[in-house]
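In numbering that gives the first Met the number 0, the protein residues as written are 0 to 406.
Backbone N, C-alpha and C define an ideal beta-carbon position, used for all residues, glycine too.
The structure presented is a predicted model; accordingly, all values stated were derived computationally and were not measured.
Everything below concerns the one structure shown next.
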Amino acid sequence: MLPHPSARVGARPAVGGVCVLAAVVVLSGAPACAAQPVWPPAPVLEIPADREAGRLPPSVRAVPQGDGRWRCMFRLTPPAGTESVHLAGSFNNWNPGAQRLDGPDPAGVWATFIELPAGVHEYKFVLNGREWIADPVNPEGVPDNHGGRNSVARLGRVAGLKESPARRGDGQIEGLALLHEPDRPLFRQYVSDGRVLLRLRTLAHDVERVAVAWQSGGEAELEVVTEDARFALWETVTPVPAASSADPVRYTFVLSDGALRAAHPGIFGVPVKPKDVFRTPDWAKHAVWYQIFPERFRNGDKSNDPRPTRPWTSEWFTPSEWEGKDGQTFYHHFVFDRRYGGDLQGILEKLPYLKALGVNALYLNPVFKGESLHKYDATSYIHIDDHFGVQGDYERVAAQEDLIRSL
Numbered sequence: 000m001l002p003h004p005s006a007r008v009g010a011r012p013a014v015g016g017v018c019v020l021a022a023v024v025v026l027s028g029a030p031a032c033a034a035q036p037v038w039p040p041a042p043v044l045e046i047p048a049d050r051e052a053g054r055l056p057p058s059v060r061a062v063p064q065g066d067g068r069w070r071c072m073f074r075l076t077p078p079a080g081t082e083s084v085h086l087a088g089s090f091n092n093w094n095p096g097a098q099r100l101d102g103p104d105p106a107g108v109w110a111t112f113i114e115l116p117a118g119v120h121e122y123k124f125v126l127n128g129r130e131w132i133a134d135p136v137n138p139e140g141v142p143d144n145h146g147g148r149n150s151v152a153r154l155g156r157v158a159g160l161k162e163s164p165a166r167r168g169d170g171q172i173e174g175l176a177l178l179h180e181p182d183r184p185l186f187r188q189y190v191s192d193g194r195v196l197l198r199l200r201t202l203a204h205d206v207e208r209v210a211v212a213w214q215s216g217g218e219a220e221l222e223v224v225t226e227d228a229r230f231a232l233w234e235t236v237t238p239v240p241a242a243s244s245a246d247p248v249r250y251t252f253v254l255s256d257g258a259l260r261a262a263h264p265g266i267f268g269v270p271v272k273p274k275d276v277f278r279t280p281d282w283a284k285h286a287v288w289y290q291i292f293p294e295r296f297r298n299g300d301k302s303n304d305p306r307p308t309r310p311w312t313s314e315w316f317t318p319s320e321w322e323g324k325d326g327q328t329f330y331h332h333f334v335f336d337r338r339y340g341g342d343l344q345g346i347l348e349k350l351p352y353l354k355a356l357g358v359n360a361l362y363l364n365p366v367f368k369g370e371s372l373h374k375y376d377a378t379s380y381i382h383i384d385d386h387f388g389v390q391g392d393y394e395r396v397a398a399q400e401d402l403i404r405s406l
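Below you can see the structure in the form of structure tokens.
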């Protein structure tokens, strides 16, 4: 977000507040102190301070810091003997080592402070670097897609709403519900031919009209593309005005409801430097992608199979004879170490099949040398994993680019 102007731009008065026009001859015929376009194009919407922390569990405390941010304290009383506790969540990309809790105190409590924006945040605690647990004193949670639950913390008045109390046409707009985060593709992305997609979130059925206004002049109306019980998402695809410099092209939003017409308090900028503008390659615009997890796709060369390897047709919940003998259980955790022998040769064999499906682009999970089956723990980015192929296999796959594009 760019800094907001501190004053309106208009005609510059001479001494005594009278604009002197006769003293200067302007070849264009316009007076020297002709008024410039007003920017922003409407009075700025005043947003009240948000001091309602919302419904928080006893393990979370929040103090408003202004500008929609909160200083939060997260606490946990883990089992005795716990050596370390970390906080991981949607706010730090679920990094299990990013936010360490200090402790324990004499009561056995561990705690940490973190500054978060208003909104809905999911989180878990990580014990001893490996055990992920939900907050035991937080009753609110959502499925984590792994058979467990993520705890939820709601910060701010809007985050705690179950449904919008707003009414269109009443001349009131809830500023705390406005959201435009231009760094996220959900809210801004280039499409093509100098056009940009812009989105703005408002409270549901709260606003009658929304338009994007460019500082260089011109507006484009947004339309509601989705609305639920709490929020509405407005959208437009509009050309970006020609830039007179390498600086971002500035814009804001103008909202209207009843007799109220107000500008969003934020001023934003669309980057115009080529290095700052992502453009989809032409070949990818109509690509039909197929993602392959190489270890599980097809076993084309049994000579490079890891040991032991399960048959592809084996029953999923039936352990192999070697599984569980060391005390591990199904989910803790021999199922995650299973190998089925998929490799590059298997992918090569099925390229004609994939092409027949209409696929013309492959996205491969990592194929570099690593201990895990998914290879996200690659130890070398110049060597294909020994269980995926032998020397020359990757070159043979790359040589098939006339048949299918692979990234």
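{"Query": "Neighbourhood of Pro57 by C-beta distance below 6 Å, restricted to the same chain and skipping five residues each side", "Result": "Val136"}
{"Query": "Gly53 burial status per 10 Å Cβ neighbour count (16 or more: buried)", "Result": "buried"}
{"Query": "Heavy atom of the ligand MG within 7 Å of Gln344 beta-carbon", "Result": "Ligands displayed in this structure: none; no statement on the ligand MG is therefore possible."}
{"Query": "Beta-carbon proximity of Val43 to Pro264, cut-off 8 Å", "Result": "yes"}
{"Query": "Val389 - partner residues in DSSP beta bridges", "Result": "DSSP output for Val389 lists no bridge partner at all."}
{"Query": "Inter-stretch contact (C-beta, 8 Å, three-pair minimum) for the region 113-130 and the region 64-76", "Result": "yes"}
{"Query": "Helix, strand or coil at Tyr352 [DSSP, three-state]", "Result": "helix"}
{"Query": "Pro116 - containing beta strand (DSSP E), residue span", "Result": "109-116"}
{"Query": "Coil, strand or helix - Phe124 by DSSP", "Result": "strand"}
{"Query": "For Ile172, the three-state DSSP class (helix, strand or coil)", "Result": "coil"}
{"Query": "N-terminal and C-terminal residue of the beta strand (DSSP E) that Phe296 is part of", "Result": "That residue, Phe296, is in no beta strand (DSSP E); its alpha helix (DSSP H) goes 293-296."}
{"Query": "Residue environment, Tyr122, which counts as buried when at least 16 other CB atoms sit within 10 Å", "Result": "buried"}
{"Query": "CA-to-CA distance, Val37 to Asp192, given in whole angstroms", "Result": "29 Å"}
{"Query": "Straight-line Cα distance separating Ser243 from Gly88", "Result": "42 Å"}
{"Query": "Backbone CA spacing between Arg156 and Asp49 [nearest angstrom]", "Result": "7 Å"}
{"Query": "Proximity to Ser215 [Cα-Cα], best of Ala158, Lys368, Gly268, Leu199", "Result": "Gly268"}
{"Query": "Per-residue DSSP class, three states only, for Asp256", "Result": "strand"}
{"Query": "Check whether Leu178 and Phe252 have beta carbons under 8 Å apart", "Result": "no"}
{"Query": "Segments of 3+ residues assigned as beta strand (DSSP E) that fall wholly inside the region 40-85", "Result": "59-65, 68-75"}
{"Query": "Euclidean distance between Cα positions of Tyr352 and Lys301", "Result": "21 Å"}
{"Query": "Per-residue DSSP class, three states only, for Trp282", "Result": "helix"}
{"Query": "Distance between His382 and Val366 (C-alpha atoms, nearest Å)", "Result": "9 Å"}
{"Query": "Of the listed residues Val190, Arg208, Arg295, nearest to Asp281 (C-alpha basis)", "Result": "Val190"}
{"Query": "Three-way DSSP call (helix, strand, coil) for Phe333 in this model", "Result": "helix"}
{"Query": "DSSP beta-bridge partners of Asp192", "Result": "Asp192 pairs with nothing; no bridge assigned."}
{"Query": "Alpha carbon of Pro307 to alpha carbon of Glu130, nearest angstrom", "Result": "27 Å"}
{"Query": "DSSP state of Ile381 mapped onto helix, strand, coil", "Result": "coil"}
{"Query": "Buried/exposed call for Val62, threshold 16 Cβ in 10 Å", "Result": "exposed"}
{"Query": "Paired residues, beta bridge with Trp288 - DSSP", "Result": "Ala360"}
{"Query": "Span separating the alpha-carbon of His331 from that of Pro39", "Result": "59 Å"}
{"Query": "Same chain, Cβ closer than 6 Å to Pro409, neighbours up to 5 away in sequence not counted", "Result": "Given that the chain is displayed from residue 0 to residue 406, the structure contains no residue 409 and the question cannot be resolved."}
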